[in-house]
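**Student:** In the working numbering, the protein residues as written are 1 to 124.
(1) Three-state secondary structure (DSSP) at residue 56?
(2) Of the choices 2, 15, 20 and 117, whose alpha-carbon is the least far from that of residue 48?
(3) Among 90, 115 and 99, which residue has its Cα nearest to the Cα of residue 17?
(4) Can you list, in chain order, the residues of its chain with a C-beta nearer than 7 angstroms to that of residue 25? Leave out the 5 residues immediately preceding and following it.
(5) Quick one: grab the DSSP three-state call for residue 62.
(6) Taking residue 3 as part of the beta strand (DSSP E), name the residues at either end of that continuous run.
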């Protein structure tokens, strides 16, 4: 079961990062094993989703994002689209998650990001 959860999470991380690239959002999804973390890049660092190496940055880079409303809206967007994150900073997958769950998560992510854009939350 652990290997399946790890594989599923790896797929989800890659797909969430792919959406970030497609939507031109300078965030990143990273993590190990069955966990994914959302790096919302509050310092507007020059990063590439999918190539982001969290170990290359100091702990201050990962301080809570001061844009609390952005994170609340992100979480609500995901909930509206049927996905409950582990708070606003990531998620956890298990061996019970299947291909449908992955597809729903990716679609919820895309729709939530687009909602944030429409709200003006992701404008420079």
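Backbone N, C-alpha and C fix where the C-beta goes; we use that ideal spot for every residue, glycine too.
**Tutor:** Concretely, from the data shown:
(1) Here residue 56 refers to the residue found at position 56 when the chain shown is read from its first residue. It is helical.
(2) In the chain shown, counting from the first residue as 1, residue 48 sits at position 48. The shortest C-alpha separation from residue 48 is found at 20.
(3) Locating residue 17 in the chain shown gives position 17, where the first residue counts as 1. Comparing Cα positions, the closest option is 90.
(4) Start at 1 with the first residue of the chain shown, and residue 25 comes out as number 25. So the qualifying residues of the chain are 113 and 122.
(5) Sequence index remark: in the chain shown, residue 62 carries index 62 (1-based). In this structure, residue 62 counts as helix in the three-state DSSP scheme.
(6) As a working mapping, residue 3 is identified with position 3 in the chain shown. Careful: residue 3 lies outside any beta strand (DSSP E), inside the alpha helix (DSSP H) at 2 to 22.
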